[in-house]
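Residue numbers (the numbering used here): 744 to 1169.
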């Protein structure tokens, strides 16, 4: 089934001018971290290396794309530019998926010719692709290769499961604009093309949307959007983004269209609001609170916890590639409930067990910190993780300490100061 959406001609309000700040380095660092997270998600341990040779011979031109995907085409912003009138603006896309390399024809005018022992869409070093006058070959043979694996454009994860694609969450899109406003439809392909062309599964009938504008990738970590050099790009919220993971309730825009992402199985997610402030002794953790924490988190693999006095210490584990989406959210919800409903006043996030975590786990960490009624602190991070925390402004909101003991002492001192009588108090 194809989902055709249409919108009325809308006038998009001008964006408010943003204050100019010296954040160029920070933006680069954030982009680098986002790219590293995306590479983890799709299983891309190395750049994509290609050999290009034009018809007529000559030595090959080696192209190295340090990204988990590469757009090949005539467009000047293509990762691999093929400057020929026989090549479409965005002709093809190579995408790493589960350590394999997928080759997608982006509905190009002249298509892709395959020369080799295998057939599309999975690419191996034994295959050669012909795009216009160019021969293209994968240089490395260290990528996984499963020729019988179905195309992610066709595979329906709601109807069947394959370990190569992982345990995928159920995701729905809610249309926010046009005549079909508030219509909801499921994402039931591992990879979904979005664009103006009627062959896209999500067809946006508007001239401001490119024929193939972007792709939606369903991964164990959630739904990702990838801009395929669409006209005016893709926006997540109000920010342009070449790619990004779409959380529950997040909105992304394609031209005049707005889509809200829904994860139906997360309907019981607790509201992420800080618990009411209280500093009385009656609110201190009781023995059954510590027992509840031990019981609820006894099988935690992503967010194991430890109770220390009135504090809950959380130890994030691994990165997003190592855990299913459902596991991350189930465990994060349980930790958040403990902070909201039990007597734990503070939380310490101890990164001692992991060199780096991705954006989805960091989202959960932020939720824990916001729900700590009397304060939160972080500690134990590697220099790389510390840089990420600074880049994303975590450490400017919640203080960072070298050790867990130092973080706990600081939070205890802050509580004591807050609860002590002020001068002149009755």
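Heads up, the beta-carbon is just placed ideally off N, CA and C, and yes, glycines get one too.
Closest to residue 787 by C-alpha separation, out of 805, 806, 859 and 837, would be which residue? For the purposes of this step, residue 787 is identified with residue 44 of the chain shown, where counting begins at 1. For residue 787, the closest alpha carbon among the candidates 805, 806, 859 and 837 is that of 837.
Would DSSP call residue 1201 helix, strand or coil? As shown, the chain starts at 744 and ends at 1169. That puts residue 1201 outside it, with no answer to give.
Selected residue, minimal CA-CA separation from residue 937, among 965, 977, 904 and 908: Along the chain shown, one-based indexing puts residue 937 at 194. Considering only alpha carbons, the answer is 977.
Taking 8 Å as the cut-off, decide whether the C-beta atoms of residue 793 and residue 882 are in contact. The residue given as residue 793 occupies position 50 in the chain shown. The residue given as residue 882 occupies position 139 in the chain shown. Yes, they are a contact pair.
According to DSSP, is residue 1122 part of a helix, a strand, or is it coil? Position 379 of the chain shown, counting from 1, holds the residue named residue 1122. DSSP places residue 1122 in the strand class (E or B) of the three-state scheme.
Curious, which full-length beta strand (DSSP E) runs of at least 3 residues does the region 1094-1146 contain? Fully contained in the region 1094-1146 are the following beta strand (DSSP E) runs of length 3 or more, in chain order: 1119-1122.
What number of angstroms, rounded off, separates the C-alpha of residue 829 from the C-alpha of residue 875? Along the chain shown, one-based indexing puts residue 829 at 86. Along the chain shown, one-based indexing puts residue 875 at 132. Residue 829 and residue 875 have their C-alpha atoms spaced approximately 5 Å apart.
Relative to the C-alpha of residue 809, which residue among 817, 790, 799 and 795 is closest? For the purposes of this step, residue 809 is identified with residue 66 of the chain shown, where counting begins at 1. The shortest C-alpha separation from residue 809 is found at 790.
Write down every uninterrupted run of the beta strand (DSSP E) in the region 1044-1078 whose length is 3 residues or greater and which is fully enclosed by it, in chain order. Within the region 1044-1078, the runs of beta strand (DSSP E) at least 3 residues long that lie entirely inside it are, in chain order, 1048-1051 and 1054-1057.
So, at 7 Å on beta carbons, what are the nonlocal neighbours of residue 843 in its own chain, with the 5 sequence-adjacent residues on each side left out? Mapped onto the chain shown, residue 843 falls at position 100. Result list for residue 843: 865, 886, 887, 888 and 889, in chain order.
Within its chain, find whatever has a CB closer than 6 Å to the CB of residue 1157; leave out the 5 residues flanking it on each side and keep chain order. Indexing the chain shown from 1 puts residue 1157 at position 414. Scanning its chain for C-beta atoms nearer than 6 Å, with the 5 sequence neighbours on each side dropped, one finds around residue 1157 the residues 1118, in chain order.
Roughly how many whole angstroms lie between the Cα atoms of residue 959 and residue 946? Position 216 of the chain shown, counted from the first residue, corresponds to residue 959. Position 203 of the chain shown, counted from the first residue, corresponds to residue 946. Rounded to whole angstroms, residue 959 and residue 946 show a C-alpha spacing of 13 Å.
Can you have a look at residue 1114 and say buried or exposed, based on whether 16 or more other CB atoms are within 10 angstroms of its CB? The residue you call residue 1114 lines up with position 371 of the chain shown. Residue burial is scored here from C-beta neighbours: residue 1114 has at least 16 other C-beta atoms within 10 angstroms and is therefore classed as buried.
How big is the Cα-Cα spacing for residue 1056 and residue 1039? Within the chain shown, residue 1056 is the residue found at index 313, counting from 1. Within the chain shown, residue 1039 is the residue found at index 296, counting from 1. The straight-line gap from Cα to Cα measures roughly 14 Å.
Residue 824 versus residue 832: straight-line alpha-carbon distance, rounded: Here the question's residue 824 lines up with position 81 in the chain shown. Here the question's residue 832 lines up with position 89 in the chain shown. Each residue's alpha carbon lies about 9 Å from the other.
Taking 8 Å as the cut-off, does the region 889-908 touch the region 972-992 (at least 3 CB pairs, one atom from each stretch)? Counting C-beta pairs closer than 8 Å gives fewer than three between the region 972-992 and the region 889-908, which falls short of the contact rule.
Near residue 962, which residues of its chain fall below 6 Å by C-beta distance, leaving aside the five closest residues on each side in sequence? As a position in the chain shown, residue 962 is number 219, starting the count at 1. Excluding sequence neighbours, residue 962 sits near 784.
Where residue 1011 falls: helix, strand or coil (DSSP): Taking the chain shown and counting its residues from 1, one reaches residue 1011 at position 268. Reliability of the predicted coordinates at residue 1011 is poor, the pLDDT of 45 falling under 50, and no value is obtained from them.
How should residue 906 be labelled, buried or exposed, when 16 other C-beta atoms within 10 angstroms of its C-beta is the threshold for buried? For the purposes of this step, residue 906 is taken as residue 163 along the chain shown, with counting starting at 1. Burial call: exposed.
Under the assumption that residue 1124 contacts residue 1132 (Cβ atoms under 8 Å), give the Cβ distance between them as a whole number of angstroms. For the purposes of this step, residue 1124 is taken as residue 381 along the chain shown, with counting starting at 1. For the purposes of this step, residue 1132 is taken as residue 389 along the chain shown, with counting starting at 1. Contact flag correct, Cβ pair sits at about 6 Å.
In the DSSP assignment, find the beta strand (DSSP E) that holds residue 850 and state where it starts and stops. One-based indexing of the chain shown puts residue 850 at position 107. Boundaries for residue 850: no beta strand (DSSP E) harbours it, and the DSSP string shows neither H nor E there.
Enumerated in chain order, which unbroken segments of the beta strand (DSSP E) with a length of 3 residues or greater are wholly contained in the region 843-908? If we require 3 residues or more, the beta strand (DSSP E) runs fully inside the region 843-908 come out as 843-848, 856-858, 871-874 and 877-881.
Between which two residues does the beta strand (DSSP E) carrying residue 1040 extend? For this step, residue 1040 is matched to residue 297 along the chain shown. Neither: residue 1040 is in no beta strand (DSSP E) and is coded neither H nor E.
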